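Count along the sequence shown from 1, add 79, and you get the number used in our numbering. One structure is given below, encoded as structure tokens.
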Amino acid sequence: MQPTNTPEEDKPLSGWMHTDEARYYFLEDGTMAIGSFYIDGVFRYFSSDGNYVPLINPWNEVPEDYTPRLVSIEGEKMDSSCVEALKKLMADARKAGLTCELNSGYRSISTQTYLWNRRYNDYISKGYSEEEAYRLTARRVAYPGTSEHHTGLAIDIVELVEDGTLYEWFRQHAWEYGFVVRYRGDKEPLTGIKDEPWHLRYVGKEVAQILQENDWCLEEFMNQFTG
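Structure representation (structure tokens):
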């Protein structure tokens, strides 16, 4: 007698699948999610290879179902999906004669809360109202739960010789490694964050190239799908 599959065995693979390289989502029919979807009430975008590219900003918190796979690199922790690309970016930047080091990668909610409260209380101590202190803090520090650092996909890289050449190199070349300069001064109305030329975000080469070619921030790219 030939074995027969149970209903559960016949059911297509669905839901999230995490590997060291990417996060994928399989729809109920078993096909891999590609493009834009609302999953569990959250807008999600998946590149053509199925990799999930989260949008995190003051209006979009890190989804509850998102858990980074953390790997150590130069004293910081980053999501495993971007570590190899970051290693290559740093190596090539140094080969180009630029002096730089990783400064801040993954942050927990508690660490972000500490950073937020420190900046907020500093404004309060200087005589700002609670409303004004909140507004000024939000321009410099992401509110806990809305920081890209929670994903392990964002990294602050500082130049040891402060002449701006490193950040110009980032603007020209970061996309080649799948990273983008996430916060630019001219994009603040869209990102909610002031100019931070040291803050890189991994989005994968496909999306990074689109942003570079169109001079978009991540919000402008995602708006193509949400209207």
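We put the beta carbon where it would ideally sit given N, CA and C, even for glycine. What you are looking at is a predicted structure, and each value in this text was computed from that prediction instead of being measured.
Compare the beta carbon distance of residue i and residue j with 9 Å and say whether it is the shorter of the two.
i	j	result
PHE304	ASN293	no
SER160	ASN136	no
THR225	GLU285	no
PRO147	ASP119	no
TYR145	HIS229	yes
ILE20	LEU168	Residue 20 falls outside the range modelled here, since the chain spans only 80 to 306, and no answer is possible.
GLN191	TYR213	no
LEU177	GLU238	yes
Quick one: what's got a C-beta closer than 6 Å to residue i's C-beta in the same chain, skipping five residues either side?
i	result
CYS296	LYS266, LEU269, THR270
HIS278	ASP235, ARG261, TYR262
GLU100	SER160
Expressed to the nearest angstrom, what Euclidean distance is found between the alpha-carbon atoms of residue i and residue j?
i	j	result
ASP158	LEU215	30 Å
TYR199	SER93	43 Å
TYR281	ARG219	20 Å
GLU255	GLN288	7 Å
CYS179	GLY109	44 Å
ARG202	GLU211	Before going further, note that residue 202 is Tyr rather than Arg in the sequence given. Each residue's alpha carbon lies about 8 Å from the other.
TYR193	THR98	31 Å
VAL240	SER187	29 Å
Quick one: residues in its chain with C-beta nearer than 8 Å to the C-beta of residue i, no 5 flanking neighbours on either side, listed in chain order?
i	result
GLY114	TYR124, PHE125, PHE304
MET96	ARG102, TYR103, TYR104, PHE105
GLY264	LYS273, ASP274
SER183	GLU155, HIS228, ILE234, ASP235
GLU298	LEU134, ASN136, LYS266, LEU269, THR270
ALA253	LEU168, VAL259, VAL260, LEU279, ALA287
Contact defined as beta carbons within less than 8 Å: I believe residue i pairs with residue j. What is the distance between those atoms, to the nearest angstrom?
i	j	result
TRP248	ALA170	The Cβ separation is near 13 Å, so there is no contact.
GLY243	GLY283	Going by Cβ atoms, the distance from GLY243 to GLY283 rounds to 27 Å, so no, they are not a contact pair.
VAL150	VAL162	5 Å
Excluding sequence positions up to five away, which residues of its chain have a Cβ less than 7 Å from the Cβ of residue i?
i	result
MET111	TYR103, PHE105, GLY129
- Query: What residue ranges within the region 260-302 form continuous beta strand (DSSP E) runs of no fewer than 3 residues, ordered along the chain?
  - Reply: Assignment of beta strand (DSSP E) within the region 260-302, counting only whole runs of 3 or more residues, yields 275-281 in chain order.
- Write down every uninterrupted run of the alpha helix (DSSP H) in the region 137-179 whose length is 4 residues or greater and which is fully enclosed by it, in chain order. For the region 137-179, whole alpha helix (DSSP H) runs of length 4 or above, ordered along the chain, are 159-174.
- Runs of alpha helix (DSSP H) wholly within the region 172-228 (minimum 4 residues, chain order): Secondary structure within the region 172-228: the alpha helix (DSSP H) runs of 4 or more consecutive residues, fully enclosed, are 188-204, 209-219 (chain order).
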